[in-house]
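Presented below is the structure to which this report refers.
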Amino acid sequence: TFKGWFVLWSLAVDKIDKTNAKIYDEWHSRNDRAYIGYWYSRDGVEWTWGGRLFQTSADLRPWEWSGSLVMREGTENKVDMFYTSVGAPDGNSVPAVSSGTIHADDKGVWFDGFATSTEMFKADGVHYANASEDPYFDFRDPQPFINPGDGQLYTLFEGNVPGARGQFVIGTDEMGAVPPGYAVDAGAQYGAAAIGLARCVSGWRKGDYSRWELMPALVTALGVNDQTERPHFVFKDGLTYLFTISHHSTYTGK
Numbered sequence: 307t308f309k310g311w312f313v314l315w316s317l318a319v320d321k322i323d324k325t326n327a328k329i330y331d332e333w334h335s336r337n338d339r340a341y342i343g344y345w346y347s348r349d350g351v352e353w354t355w356g357g358r359l360f361q362t363s364a365d366l367r368p369w370e371w372s373g374s375l376v377m378r379e380g381t382e383n384k385v386d387m388f389y390t391s392v393g394a395p396d397g398n399s400v401p402a403v404s405s406g407t408i409h410a411d412d413k414g415v416w417f418d419g420f421a422t423s424t425e426m427f428k429a430d431g432v433h434y435a436n437a438s439e440d441p442y443f444d445f446r447d448p449q450p451f452i453n454p455g456d457g458q459l460y461t462l463f464e465g466n467v468p469g470a471r472g473q474f475v476i477g478t479d480e481m482g483a484v485p486p487g488y489a490v491d492a493g494a495q496y497g498a499a500a501i502g503l504a505r506c507v508s509g510w511r512k513g514d515y516s517r518w519e520l521m522p523a524l525v526t527a528l529g530v531n532d533q534t535e536r537p538h539f540v541f542k543d544g545l546t547y548l549f550t551i552s553h554h555s556t557y558t559g560k
């Protein structure tokens with residue numbers, strides 16, 4: 307909330323054909339036109355569309371995916387949007403950050419800034435698969451957090467286990483305990499999901515998010531699933547809860 311307003315953000319796509327004559331095509335091309343927008347509400351029930359969050363000058367690539375807006379600690383209205391910059395000119399998928407300010411009065415909520423973006427880090431092919439190893443690689447959904455243990459800034463993200471797509475050997479260690487009468491089906495070698503972790507090593511307390519250290523994956527699902535999206539932590543009562551989502555279609559086997 308901000309000054310009595312509920313505020314949320316989401317991916318959005320502008321409607322092309324209001325008659326819905328091509329709704330199937332529009333739906334299946336939505337990711338290729340997505341940007342981050344925001345909404346605001348007094349009661350959390352009725353919402354007003356605020357519009358696009360970023361200025362177009364902030365787009366390093368044409369698509370904006372999976373944003374995570376954070377109020378900067380120690381400020382009244384400075385906000386940082388951690389998101390995924392996707393598409394041409396390099397066809398890459400890169401966690402990035404853009405900064406702005408949030409404002410409100412009795413009529414609504416609006417944002418300023420968000421004129422530029424900074425890349426955070428790219429898939430290295432060592433800790434996480436890159437495009438040369440896996441043309442369908444996943445590297446997106448940054449979710450920053452301050453670790454209660456050391457007070458440092460980290461981010462979770464979706465990645466893939468490094469290695470050539472479809473060439474993984476799924477052995478006993480990867481399979482784990484398989485119930486009697488079950489076997490690992492063909493296609494398990496295509497499951498290479500990972501929940502990644504990176505630590506910010508630049509002056510993040512002053513808004514510098516330009517340098518990060520990629521760390522080994524926190525969780526891998528080799529042989530089980532190929533996408534563990536939008537990972538995030540909840541810290542409560544001394545425990546750490548990790549949440550992620552996936553799809554029926556990205557699980558391997560039957």
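In terms of the numbering used here, the sequence shown opens at residue 307 and continues consecutively. Cβ coordinates follow ideal geometry from the N, Cα and C atoms, glycine included.
| query | result |
| --- | --- |
| Cross-strand partners of Y346 (DSSP beta bridge) | V313 and T354 |
| At least three beta-carbon pairs within less than 8 angstroms, the stretch 404-419 to the stretch 334-349 | yes |
| Where the beta strand (DSSP E) containing Y547 begins and where it ends | L545 to I551 |
| Buried or exposed by the 16-neighbour rule on C-beta atoms within 10 Å, applied to Q458 | exposed |
| Test item: CB-CB of P450 and V376 under 8 angstroms | yes |
| Supposed contact pair G431 and P401 - C-beta distance, whole angstroms, cut 8 angstroms | Contact flag wrong, Cβ pair sits at about 16 angstroms. |
| Continuous alpha helix (DSSP H) stretch holding W333: start and end | I329 to H334 |
| Outcome for V403 when other beta-carbon atoms lying within 10 angstroms are tallied against a minimum of 16 | buried |
| Residues sharing a beta bridge with D386, DSSP | V376 and S405 |
| C-beta atoms of T461 and A527 nearer than 8 angstroms | no |
| Straight-line Cα distance separating R339 from S405 | 22 angstroms |
| Distance between G509 and H465 (C-alpha atoms, nearest Å) | At residue 465 the sequence reads Gly, which differs from the His that was named. Cα-Cα distance, rounded: 25 angstroms. |
| Separation of V530 from G366, as counted between CA atoms | With the sequence shown as reference, residue 366 is identified as Leu, and Gly is not the correct amino acid for it. Approximately 33 angstroms, taken between the alpha carbons. |
| Cβ shell of L359 (< 7 angstroms), same chain only, five flanking positions each side left out | W315, I342, G343, Y344, M387, F417 and F420 |
| Secondary structure of Y341, DSSP reduced to three states | strand |
| Contact under 8 angstroms by Cβ, W518 with F427 | yes |
| Within 8 angstroms, strictly: CB atoms of D532 and Y496 | yes |
| Beta-carbon proximity of I501 to T546, cut-off 8 angstroms | no |
| Buried versus exposed call for D444 [16 or more other C-beta atoms within 10 Å across all chains shown] | buried |
| Proximal residues to N453 (C-beta, below 6 angstroms), its chain only, five neighbours per side dropped | Y460 |
| A364 vs T407 beta-carbon contact at 8 angstroms | no |
| Residues near V540 by beta carbon distance below 6 angstroms, same chain, minus five either side | Y547 |
| Inter-residue spacing [alpha-carbon to alpha-carbon] between Y515 and R348 | 32 angstroms |
| V490 and V484 closer than 8 angstroms at C-beta | yes |
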